[in-house]
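Under the working numbering, the first residue of the sequence shown is numbered 2, with each subsequent residue one higher.
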Amino acid sequence: MNQPDTTTPTRPDNREALPATPEALREAVLAANRHTTNPRLKQVLDSLLRHLHAFAVEVDLGYQELEVGIDFLVRIGKATGPEKHEGILLADILGLATLVGLIDAKKALAAGGTEPALIGPFWRAAQPLRENGANIAADGTPGDKLFVSGRILSLDGEPIANARIETWQASPGGLYENQDPEQAEMNLRGRFQTDSDGRFSFNSVRPAGYAVPVDGPCGELLEAQQRAIMRPAHLHFIVMAEGYKTLATQIFDADDPNAYRDVVFGAVGSLLHRFEQVSDKSFRLNLDLKLEPGAMRVPMCPLP
Ligand code: BEZ
Ligand code: FE
2 MNQPDTTTPT RPDNREALPA TPEALREAVL AANRHTTNPR LKQVLDSLLR HLHAFAVEVD
62 LGYQELEVGI DFLVRIGKAT GPEKHEGILL ADILGLATLV GLIDAKKALA AGGTEPALIG
122 PFWRAAQPLR ENGANIAADG TPGDKLFVSG RILSLDGEPI ANARIETWQA SPGGLYENQD
182 PEQAEMNLRG RFQTDSDGRF SFNSVRPAGY AVPVDGPCGE LLEAQQRAIM RPAHLHFIVM
242 AEGYKTLATQ IFDADDPNAY RDVVFGAVGS LLHRFEQVSD KSFRLNLDLK LEPGAMRVPM
302 CPLP
């Protein structure tokens, strides 16, 4: 329950009126946060409030601009639904999702763990569990074939059995199944489990790069910034195993023309792989994904 606060200097019955300066206001706002009981929430809010006030002062923010910003956030919420998560897309195009992934994986990266990459807005909650070796491409899906195999390993190279792997990718047309009425439900998506040697495998088709959705407020922002809107071709992976920190990552096609121009800043060095050509229209990708010890967590899933 909210406790009455008898000490915050902004109370109307306080005899000492605050000087009307940005600094005094900032201190009053910080003082209003001092009873927040959850210590992590208090730390995050303290810092957020300090930076928010400093930002408004630095850019000399006007009230009309504040209205534009609030309206933008409201529209981000309204543009989010079962087809697309505009809020996640915003964190992605601002580079925030990639930054948080890097912060989270600091220790793993220092110890040779697999680099993370953002989950993005298109992971679905109920992706079908499939046998290793299964084809995640429904009959009739066009494109070059791609066979993906790999191992899930600990940092010291021990295989991790019974790890859960979520994978999803865009079609050779550059669309996820939920964006494309031509594709079968759950096409190019699957959930796999590693065998006793930590191995998994599946058949698919080679994905194409695509433009991020620009039909919402994020599109307006990208347009205002005059930014390129492409992502290089990639496959998504989320790996979950008891006793290990969950890894969300992507493997990028190093031959994609946009390999070094990812609009969401996710395509980093070690995640760029050459898809090995095995015949005219058939490619192969072999991966070792290394997990850091820690608590497993099921990430928030953007789509049903
Ligand atoms: C994706 O990889 O699915 C994605 C990430 C960020 C924005 C749009 C799509
Ligand atoms: Fe993607």
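Using N, Cα and C, we set each Cβ at its ideal position, and we do this for glycine too. All values derive from a computational prediction rather than experimental measurement.
Comparing alpha carbon positions, the residue from Lys146, Gly121, Glu183 closest to phenylalanine 238 is Gly121. Going by C-alpha positions, glutamine 194 is about 10 Å away from isoleucine 161. Along the region 18-66, the alpha helix (DSSP H) occurs as fully enclosed runs of 4 or more residues at 23-32, 40-60, listed in sequence order. Taking 7 Å as the cut-off, the C-beta of alanine 98 does not count as close to any heavy atom of the ligand FE. Contact between glutamate 167 and tryptophan 124 holds, with the beta-carbon distance rounding to 7 Å and staying under 8 Å. When DSSP states are grouped into helix, strand and coil, aspartate 145 belongs to the coil group.
Following the DSSP letters along the chain, one finds leucine 288 inside the beta strand (DSSP E) bounded by residues 283-292. Proline 160 is bridged by DSSP to Leu154. In this structure, DSSP gives serine 271 a helical state, which the three-state scheme calls helix.
Between the ligand FE and the CB of glycine 174, the shortest heavy atom gap is not smaller than 7 Å. Valine 213 carries a coil assignment under DSSP once its states are collapsed to helix, strand and coil. Within a 10 Å sphere around the beta-carbon of isoleucine 71 sit fewer than 16 other beta-carbons, which makes this residue exposed.
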